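Peer 1: In our numbering, the protein residues as written are 885 to 1532. Where a beta carbon is used, it is the ideal one built from N, C-alpha and C, also for glycine. Nothing here was measured: the structure is a model prediction, and the numbers come from that model. First, the structure itself, so that you have it in front of you.
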Amino acid sequence: MSVELAIHRKAVELAKLSVEMTTAAGSGHPSTAMSLAHLVAVLMYQQMRWDPKDPWNGAADRLVLSEGHAVPIIYAAYADLGGMLGRNKAEARPMTREDAMSLRAIESPIDGHPHPQVGVPFFDAATGSLGQGLSVAAGLGAAARADGLDRNIYCIIGDGESREGQIWEALDFIVDHRLTNVVPIFNCNELAQSDWVSPQQSAAVLARKLEAWGYLVETIDGHDPGQILRALRNLKIAQNGSRPLAIVARTIKGWGSAHEQGMGKHGTPVKKDQLAVILSEIDATAEAMCLGNAKPAELKVPAPPGKAPAVEATPIRLPAIETALEAVGLLKDFQAGKPIAPRKAFGVGLLAAGRASRRVVSLDADVKNSTHAEWFAKQLPGQFFECRIAEQNMISAAAGLAAAGKIPFCSTFAKFVARGYDQLEMAIIGGSNFKVVGTHAGVTLAADGPSQMSLPDVAYFRSMCHVKNFNGQPAVRYFFPADAVSCYRFIELMANVEGCCYLRALRADVKTLYKADESFEVGGMKVLREGKDLVLVGAGYMVHECLKAADELAKYGKKATVVDAYSMPMNVGPLLALAEKSGGRIVSVEDNYPGGLDAEIATAIAATGCGVSLRPVCVTGIPKSGREPQDVLDFLGIGWRMIAKAAS
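If you want it as structure tokens, here you go:
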């Protein structure tokens, strides 16, 4: 009873500080935070095996707050426990109450939603865009399982949030991979932002859904410490039975204060002139629970189960491409000069990277036989995670794996990567070191038609190539290989570059352009042919079209320089210098919508004020099916004949 009493008292303290923090900030979500007071008190003070002085310990239990707007309650507990702040151990210091009161200030690491990059290492990923946290938790759990760590991952999810389909993608993933070390906890306070939560997300219905999903479900009063503790004790029972545990907690939004309960309180801090009233109501709640005189037990945070081994920091080196091709039976084709699709080279490079380092893991969305991640899956099954047709979960799970020190490569068709653009951006915000590979990119997959063609992706990723992350580096680095050799080497570059990388890989078999020992650099380009009259610059499949167009122009006495602009952000200076020596004219050629390579070059021209002119050739209409790539290219006006015409 004394432990339960101590938890009640701690919940009161945390609820009051959450209210004070949000009032000081002038914004925030105190009522949601208050609904979690007891759950957080149990988890952070009694259940989780962790050390507030060492939140970097990779063997400790973790808590992912999927409903990120409730974060004041986490900050309140973290400050009370003296948890460390700092972007690294060298600058670490304990969090104080004064830090908590700086919530949302521009100079403060105490952000409005969980944001590890600004200096709160308790968080493994940025959350707050709802529906994503359980996938992150699943990634953390998958990494712990792969590394043989006795580590539990708890994830708090809002009841309204559970309407998000990604939650159910993650619940499937947890069952598929038997991640019994991941515990989803649903905070059922019945109030969403603008209305009551749908009956479909009620505690009773959620419990039935979770049972149907294969979970051992505990439905509890989320303000009863005894019930919370008993439910969590069932974790071992669930793990012994190979069933994941899920907790459905009925809570009160605005617990402790009648004024903070009911409709219309979401995201509304207490006004300063009302603060004393609300705090006194919370105190009155404590008195009504007879918390005044009894002596509680001392809450002691359980120690971590161990210390995770240091993450290896050695560069990942791939063998010669011939060695890697031989491992999958493609060496003879390569030596015979047969065309090889870049997507196959991705599979070759992925397997080689996985063999070079156990940190490299692969996630695929049920297209591994097309992306050729299946070679990795078959030969390195302990490093592979099938995600099925659930791209959003795949990307957020990759963020969790990255937080545990892995280097995840997510692969699916480039068109379906778009399903996870929000998840991808959140992973970037959180500083995740992850790689995304979109195969079957552009229009040259032809016969399947526009529903399978990725066309806005280059503009999307280019925009983030020119955003600096908190380390001062590009938020994204983009690669578009024109052949198998370049694709293979790009995998090596990506594995060694910290942060998000996107590889756009072709479906079509294409001629090999580069020697086996060719080297490449991030942001670089390659000159494949030199001329004096103009520059044709492309990437991927369109490099081959540029070469054909250059041959056509040569028939009429025009000599074109051909450039493979394979990476962004691109060092455009050498390209502009080349153009100034080649008639001052550039034709950019792409098999995607505007805003990609054309924008990269145009922005540089505008910034430098040079006299180079640019003629973009790209997709400006909606495609349709065609039996051959050339049919679709010609239909869209971007085939080699039209490139030559644009150049002349």
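Within 10 Å of its beta-carbon, does TYR1440 have 16 or more other beta-carbons around it, so buried, or fewer, so exposed?
Peer 2: If you number the sequence shown from 1, residue 1440 lands on position 556. It is exposed - the Cβ of TYR1440 has fewer than 16 other Cβ atoms within 10 Å.
Peer 1: Rank VAL1212, ALA1076, TYR1362 by C-alpha distance to the C-alpha of HIS1256 and give the top, closest one.
Peer 2: The sequence position of residue 1256 within the sequence shown is 372, counting from 1. The shortest C-alpha separation from HIS1256 is found at VAL1212.
Peer 1: Taking the straight line between their C-alpha atoms, what separation do you get for ALA1400 and ALA1287?
Peer 2: The count along the sequence shown starts at 1 and reaches residue 1400 at position 516. The count along the sequence shown starts at 1 and reaches residue 1287 at position 403. When only Cα atoms are considered, ALA1400 and ALA1287 end up about 34 Å apart.
Peer 1: For PHE1418 versus GLY1467, is the C-beta spacing smaller than 7 Å?
Peer 2: Here the question's residue 1418 lines up with position 534 in the sequence shown. Here the question's residue 1467 lines up with position 583 in the sequence shown. Inspection of the sequence shows that residue 1418 is occupied by Leu rather than by Phe. Yes, these two residues count as a Cβ contact at 7 Å.
Peer 1: Can you tell me whether GLN1111 is buried or exposed? The criterion is at least 16 other CB atoms within 10 Å of its CB, across all chains shown.
Peer 2: Indexing the sequence shown from 1 puts residue 1111 at position 227. Looking at its Cβ environment, which holds 16 or more other Cβ atoms inside 10 Å, GLN1111 is buried.
Peer 1: So, is HIS997 buried or exposed, given that buried needs 16 or more other C-beta atoms within 10 angstroms?
Peer 2: Reading the sequence shown from its first residue, position 113 is the one you call residue 997. With 16 or more Cβ atoms within 10 Å of its Cβ, HIS997 is classed as buried.
Peer 1: I'd like to confirm the pairing. Which residues does DSSP put opposite MET1426 in its beta bridges?
Peer 2: The residue you call residue 1426 lines up with position 542 of the sequence shown. DSSP output for MET1426 lists no bridge partner at all.
Peer 1: My output table needs one value for ILE1485: the three-state DSSP class, helix, strand or coil.
Peer 2: Numbered from its first residue, the sequence shown carries residue 1485 at position 601. Correct three-state label for ILE1485: helix.
Peer 1: Using the rule of at least 16 other Cβ atoms within 10 Å of the residue's Cβ for burial, across every protein chain shown, is GLN931 buried or exposed?
Peer 2: Within the sequence shown, numbered from 1, the residue matching residue 931 stands at position 47. With 16 or more other Cβ atoms within 10 Å, it is buried.
Peer 1: Thinking C-alpha only, which one of GLY1521, PRO1500, VAL1501, VAL1496 is nearest LYS1508?
Peer 2: Stepping through the sequence shown from its first residue, residue 1508 is reached at position 624. Residue GLY1521 is the option with its Cα nearest to LYS1508.
Peer 1: By the DSSP assignment, the alpha helix (DSSP H) with ASN1124 in it spans what residues?
Peer 2: On the sequence shown, position 240 is the one that residue 1124 refers to. Start and end: 1109-1124.
Peer 1: Let me know if ARG1117 comes out buried or exposed under the rule of 16 or more other beta-carbons within 10 Å of its beta-carbon.
Peer 2: Here residue 1117 corresponds to residue number 233 of the sequence shown, with the count starting at 1. The residue in question, ARG1117, is exposed, as its Cβ has fewer than 16 Cβ neighbours within 10 Å.
Peer 1: Is there contact between the region 1430-1450 and the region 1329-1339, where contact requires at least three CB pairs shorter than 8 Å?
Peer 2: They do not touch, by the three-pair rule.
Peer 1: On the CB-based measure, 16 or more other CB atoms within 10 Å of its CB, does ASN1476 come out buried or exposed?
Peer 2: Against the sequence shown, residue 1476 aligns to sequence position 592. With a threshold of 16 other beta carbon atoms within 10 Å, ASN1476 meets it and is buried.
Peer 1: According to the Cβ coordinates, are VAL1132 and ALA1187 closer than 7 Å?
Peer 2: Locating residue 1132 in the sequence shown gives position 248, counting from the first residue. Locating residue 1187 in the sequence shown gives position 303, counting from the first residue. No, the pair does not count as a contact, with Cβ atoms beyond the cut-off.
Peer 1: Roughly how many angstroms lie between the CA atoms of GLU1538 and GLN1085, to the nearest whole one?
Peer 2: The requested residue 1538 does not occur in the structure, where the chain is confined to residues 885 to 1532.
Peer 1: Excluding the 5 residues flanking VAL924 on each side, which residues of the same chain have their C-beta closer than 6 Å to its C-beta?
Peer 2: For the purposes of this step, residue 924 is taken as the residue at position 40 of the sequence shown. Result list for VAL924: ILE957, ALA961, in chain order.
Peer 1: Determine, using beta-carbon pairs with one atom in the region 1197-1208 and one in the region 1369-1382, whether at least three such pairs fall under 8 Å.
Peer 2: Contact annotation: the region 1197-1208 touches the region 1369-1382, with at least three C-beta pairs closer than 8 Å.
Peer 1: Kindly indicate which residue of TYR1099, GLU1074, TRP1080, THR1103 has the alpha-carbon position closest to the one of LEU1063.
Peer 2: By 1-based counting over the sequence shown, the position of residue 1063 is 179. Of the listed residues, the one whose Cα sits closest to LEU1063 is TYR1099.
Peer 1: Check THR1103 in the structure and name its three-state DSSP category.
Peer 2: Counting from 1 along the sequence shown, the entry for residue 1103 is found at position 219. Note: THR1103 maps to strand in three-state DSSP.
Peer 1: Quick check for students: name the residue ranges of the alpha helix (DSSP H) that lie wholly in the region 919-988, counting only runs of 4 or more.
Peer 2: 921-926, 956-965, 981-984
Peer 1: Which residues bound the alpha helix (DSSP H) around SER1019?
Peer 2: In the sequence shown, residue 1019 corresponds to position 135, counting from 1. Counted as a single uninterrupted DSSP element, the alpha helix (DSSP H) harbouring SER1019 occupies residues 1017-1031.
Peer 1: Taking 6 Å as the limit between beta carbons, can you name the residues of its chain near VAL1067, skipping five residues before and five after?
Peer 2: Position 183 of the sequence shown holds residue 1067. Hits under 6 Å: TYR1038, LEU1129.
Peer 1: Between which two residues does the alpha helix (DSSP H) containing CYS1072 stretch?
Peer 2: Here residue 1072 refers to the residue found at position 188 when the sequence shown is read from its first residue. In the DSSP assignment, CYS1072 falls outside any alpha helix (DSSP H) and lies within the beta strand (DSSP E) extending over 1066-1072.
Peer 1: For the beta strand (DSSP E) holding ARG1413, just list the boundary residues, first then last.
Peer 2: In the sequence shown, counting from the first residue as 1, residue 1413 sits at position 529. Here the beta strand (DSSP E) through ARG1413 covers 1410-1413.
Peer 1: Taking the straight line between their C-alpha atoms, what separation do you get for LEU1113 and GLU1102?
Peer 2: Locating residue 1113 in the sequence shown gives position 229, counting from the first residue. Locating residue 1102 in the sequence shown gives position 218, counting from the first residue. Straight-line Cα distance between these residues: approximately 11 Å.
Peer 1: State the beta-bridge partners of LEU1075 as determined by DSSP.
Peer 2: Taking the sequence shown and counting its residues from 1, the one referred to as residue 1075 is at position 191. According to DSSP, LEU1075 bridges with TRP1080.
Peer 1: Who are the Cβ neighbours of ASP1482 in its own chain at under 8 Å, not counting the five residues just before and after it?
Peer 2: Residue 1482 sits at position 598 when you count from the first residue of the sequence shown. Within the same chain, ASP1482 has close Cβ partners SER1472, GLU1474, LEU1498, PRO1500, CYS1502.
Peer 1: Here's the rule: buried if 16 or more other CB atoms are within 10 angstroms of the residue's CB, otherwise exposed. What is SER911?
Peer 2: In the sequence shown, the residue the question calls residue 911 occupies position 27. It is exposed - the Cβ of SER911 has fewer than 16 other Cβ atoms within 10 Å.
Peer 1: Put TYR1440 into one of helix, strand or coil per three-state DSSP.
Peer 2: Taking the sequence shown and counting its residues from 1, the one referred to as residue 1440 is at position 556. Note: TYR1440 maps to coil in three-state DSSP.
Peer 1: Given the structure, does GLY1407 come close to the ligand SAH, in the sense that its CB is under 6 Å from one of the ligand's heavy atoms?
Peer 2: No copy of the ligand SAH occurs in the structure displayed, which carries no ligand at all.
Peer 1: Do PHE1260 and SER1246 have their beta-carbon atoms positioned less than 7 Å apart in this structure?
Peer 2: For the purposes of this step, residue 1246 is taken as the residue at position 362 of the sequence shown. For the purposes of this step, residue 1260 is taken as the residue at position 376 of the sequence shown. Between SER1246 and PHE1260, the CB-CB gap stays under 7 Å.
Peer 1: Report yes if the CB atom of GLY1275 is closer than 7 Å to the CB atom of ARG1242, and no otherwise.
Peer 2: Stepping through the sequence shown from its first residue, residue 1275 is reached at position 391. Stepping through the sequence shown from its first residue, residue 1242 is reached at position 358. Note that residue 1275 corresponds to Glu in the displayed sequence, not to Gly. No, these two residues do not count as a Cβ contact at 7 Å.
Peer 1: For the region 1231-1256, which segments carrying the alpha helix (DSSP H) assignment without a break, of at least 4 residues, lie completely within its bounds, in sequence order?
Peer 2: 1252-1255
Peer 1: Provide the residue(s) that pair with GLU1270 in DSSP beta bridges, ordered along the chain.
Peer 2: Within the sequence shown, numbered from 1, the residue matching residue 1270 stands at position 386. DSSP lists ASP1248 as partners of GLU1270.
Peer 1: Taking just the CA atoms, how far does VAL1320 sit from ASP1248?
Peer 2: Here residue 1248 refers to the residue found at position 364 when the sequence shown is read from its first residue. Here residue 1320 refers to the residue found at position 436 when the sequence shown is read from its first residue. The alpha-carbon atoms of ASP1248 and VAL1320 are separated by roughly 10 Å.
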